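The sequence shown begins at 460 in the working numbering and counts up by one.
Here a beta-carbon is modelled for each residue, glycine too, at the ideal position from N, C-alpha and C.
Being a predicted model, the structure only gives us computed values, none of them experimental.
Remarks on the structure that follows.
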Amino acid sequence: MFGATQIPPPYVRLIIEKTAKFISKHGLEIENRIIASNLKNARFMFLNSSDRFHAFYKHKLYEYQAQNQHGLEANDDAATGAQPDPLAQLMTLPEEDYTVILPEGITDDELDTVNLIVSVVARKGRSFLVELTRGEINNHPQSYSMNLIRSMFDFFDALVDSSTAILVKIGYYGVG
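Right, here's the structure in full:
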């Protein structure tokens, strides 16, 4: 669909799409403000051209800009006459349904492994996890990924639930 562009996992995709839509409405100077005020915030790393999801972000930005030029989106601010702070509006926390607290001491590698498994389980369903677990136990009882999931099951389960909810919300659930 996007050539060599990497499509991010659902929770990252939601942030990218929201940011791209916001920037398309309020202009590229907002992008510069976001970058300047979030230099070390992993949530906005996709704004850096070296990030693996930057091409996806640019694609969504151009898509939303095209929609705005063709008048497909009404400007909510124009109707009320209000001038809210665009950066504050973007930085609002997501709904609690999608918030999962990271366990203390989790490493980046562990988080990457859990996120990979969560993204597949969220798309394919919990029955996939049962089959994966069964295969791992039979073939590799000391599997790193299965031991990791067992040790952080509450965290893993919450991530699967929130990722599935996001997929349902964006209409992606059941594909794949």
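CB contact flag (residue i, residue j, <8 Å)
i    : j    : result
P512 : F503 : The sequence shown places Phe at residue 512, rather than the Pro named in the question. Cβ distance not < 8 Å, so F512 and F503 don't count as in contact.
I625 : P467 : no
G489 : Y516 : Reading off the sequence, residue 489 comes out as Ile, not Gly. Contact flag unset, no.
Residue i versus residue j - alpha carbon distance
i    : j    : result
E590 : F614 : 20 Å
D568 : M611 : 14 Å
Counted within 10 angstroms of its Cβ, other Cβ atoms place residue i as buried (16 or more) or exposed
i    : result
K499 : exposed
V627 : exposed
Y523 : buried
R593 : exposed
A525 : exposed
Y479 : A small fix is needed here, since residue 479 is Ala in this sequence, not Tyr. So A479 ends up on the buried side.
S509 : exposed
I576 : buried
L520 : buried
L588 : buried
beta-carbon residue i near the ligand FAD non-hydrogen atom, thresh 7 Å
i    : result
Y470 : Ligands in the displayed structure: none, and consequently the ligand FAD is not present.
Member of the options whose CA lies at the smallest distance from the CA of residue i
i    : options                : result
R585 : L473, A617, G486, L487 : A617
Q465 : T572, H518, A581, L588 : H518
N449 : I482, I565, V559       : An answer regarding residue 449 cannot be provided, because it is not within the stretch 460 to 635 covered by the chain.
L473 : A495, T558, G486, S496 : T558
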